[in-house]
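Have a look at the structure below before the remarks.
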Amino acid sequence: MVDQAARKRRVTVSKTAEPLKSLAQEGVSIWLDDLSRKRIASGNLAELIERKHVVGVTTNPSIFQAAIGSGEGYEEQLADLAVRGVTVDEAVRMMTTADVRAAADILRPVYEATRGRDGRVSIEVDPRLAHDTAATVAEAKQLGWLVDRPNVMIKIPATKAGLPAITEVIGLGISVNVTLIFSLERYREVMDAYLAGLEKAQAAGIDLATVHSVASFFVSRVDSEIDKRLAKVGTDEALALKGRAALANARLAYEAYEGVFVVDRWTALATANANKQRPLWASTGVKDAAYKDTLYVDELVAPGTVNTMPEATLDATAAHGDIHGDSVTGGYAQARSDLAAVERLGISYEEVVKQLEDEGVSKFEAAWEDLLGVVATSLSGKGVEGE
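All residue numbers for the sequence shown refer to my numbering, where the first residue is 578 and numbers rise by one.
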């Protein structure tokens with residue numbers, strides 16, 4: 578009876594994970610967009626790697642705010658930090674880098690098996706530095722030193738100040754996850770910053786094979802904002818365009834990626850064993866309950882990409898994802914048509930993506946401030962001011 582039950586569980590897991598297996602076979606790396614000490618200590622992260630094809634982890638200020646704000650698993654370290662009388666900022670960095678370090682160790686076999694392509698864990702620079710190039714570079718170096726794992730990726734936002742920081746940090750041989758990309762123009766600037774960084778690294782004698790990068794192109798938030806504006810227009814034509822702008826934007830980003838990583842500038846770097854900066858689909862949980870919960874997975878399948886999913890989206894994909902091969906490269910003409918139709922209705926693409934970038938930075942800043950507040954309260958409650 579026990580054997581039959583165990584067999585049934587194995588069959589269920591196998592069937593459940595089948596769409597995820599298909600996704601991986603199509604050349605999409607599945608990363609988990611979440612991390613907590615409970616997930617690490619319970620063995621859940623290791624289980625997701627083993628059973629659900631997860632090969633990487635991304636974090637952001639909102640994720641850490643939720644994890645540390647829960648308090649679960651952080652009590653002992655908080656008590657130790659309080660005794661030491663550390664500042665709130667130092668306490669936050671000690672806790673977040675400890676989690677990233679532990680996750681990186683769990684993913685180390687994946688990192689080694691894929692020669693550094695996957696098995697990555699991302700940690701973001703302080704979002705309050707998003708508009709300060711020099712401070713972002715300094716923070717990236719510090720985070721790399723604190724985590725001290727070869728499979729860490731430092732997340733740098735794709736703000737105007739972030740672009741030269743990306744070049745500088747890549748030039749130091751540090752792998753980077755570029756985050757908060759919404760516009761096609763900014764994405765092209767990000768790829769240019771990456772190539773410039775590789776050229777600096779090469780000039781410094783750094784082995785380019787050791788440097789990796791992903792460019793996190795945000796998806797669902799584009800639909801959330803444009804759909805809201807389409808609803809205000811209210812015509813049949815406008816309503817028919819709901820749920821199409823985000824996929825169009827992402828597909829054209831992949832077209833841009835294909836165009837950059839074939840030019841002579843890239844070819845020269847590829848000869849020196851440089852790695853392409855892979856597109857990463859971020860914000861892939863749907864925000865509108867009317868949409869299929871795997872929309873931004875099923876319809877963004879393309880080789881050489883990463884899809885970082887919250888656990889709910891990962892589970893939904895495992896349960897009923899519809900992976901039907903490359904769903905990106907054949908859709909460029911339709912993508913251009915969809916975005917053009919949105920523009921014709923008086924909805925400015927440039928205005929939307931600028932607003933989303935500004936809001937993205939502000940949301941991460943707010944989450945970071947909330948996290949600092951939670952930790953300050955915890956430290957104070959243990960008899961130390963923490964400031």
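Here a beta-carbon is modelled for each residue, glycine too, at the ideal position from N, C-alpha and C. Keep in mind the model is a prediction, meaning the values are calculated, not measured.
Simplified DSSP assignment, three categories, for residue i
i	result
residue 621	helix
residue 880	coil
residue 593	Confidence at residue 593 is low in this model, with a pLDDT of 48, below 50, so the placement of that residue should be treated as unreliable; the coordinate-derived value is given next. Helix at residue 593.
residue 732	strand
residue 1044	An answer regarding residue 1044 cannot be provided, because it is not within the stretch 578 to 964 covered by the chain.
residue 961	Because residue 961 carries a pLDDT of 46, less than 50, the predicted location of this residue cannot be relied on, and the following value inherits that uncertainty. In this structure, residue 961 counts as coil in the three-state DSSP scheme.
residue 689	helix
residue 874	helix
residue 791	strand
residue 656	helix
For residue j and residue i, believed in contact at Cβ under 8 Å, the rounded distance
i	j	result
residue 669	residue 948	6 Å
residue 860	residue 655	The pair is not a contact, with the Cβ atoms about 30 Å apart (cut-off 8 Å).
residue 821	residue 924	Their Cβ separation, rounded to whole angstroms, is 12 Å, which puts residue 821 and residue 924 out of contact at 8 Å.
residue 665	residue 952	5 Å
residue 922	residue 799	Wrong, their Cβ atoms sit about 15 Å apart, outside the cutoff.
residue 600	residue 837	Incorrect: roughly 24 Å between the Cβ atoms, too far for contact.
Extent of the continuous beta strand (DSSP E) to which residue i belongs
i	result
residue 851	Residue 851 -> no beta strand (DSSP E), and no H or E assigned at all.
residue 756	753-758
residue 609	605-609
residue 701	697-701
residue 633	631-634
residue 914	Counting along the chain, residue 914 falls outside any beta strand (DSSP E), though it belongs to the alpha helix (DSSP H) covering 909-921.
C-beta atoms of residue i and residue j nearer than 8 Å
i	j	result
residue 858	residue 839	no
residue 788	residue 775	yes
residue 856	residue 792	yes
residue 632	residue 687	yes
residue 681	residue 753	no
residue 880	residue 610	no
residue 755	residue 733	yes
residue 938	residue 707	yes
residue 717	residue 751	yes
residue 650	residue 679	no
residue 874	residue 803	no
residue 902	residue 595	no
residue 626	residue 684	yes
residue 827	residue 796	yes
Contact test: residue i Cβ vs the ligand HEM heavy atom, cutoff 7 Å
i	result
residue 734	What this structure holds is no ligand at all, so the ligand HEM is not there to describe.
Opening and closing residue of the alpha helix (DSSP H) in which residue i lies
i	result
residue 928	926-958
residue 724	710-724
residue 825	822-837
residue 739	739-748
residue 638	638-647
residue 801	797-810
residue 765	761-780
residue 817	813-817
Check whether the stretch 630-637 and the stretch 909-920 touch, using three or more Cβ-Cβ pairs below 8 Å as the test. In short, these stretches do not touch, since the Cβ pair count stays below three.
Does the structure place the stretch 736-748 close enough to the stretch 708-716 that three or more beta carbon pairs sit under 8 Å? yes
Counting beta carbon pairs with one atom in the stretch 661-676 and one in the stretch 934-949, are three or more of them shorter than 8 Å? Taking 8 Å as the limit for Cβ pairs, the verdict is that the stretch 661-676 does touch the stretch 934-949.
Counting beta carbon pairs with one atom in the stretch 612-623 and one in the stretch 892-908, are three or more of them shorter than 8 Å? no
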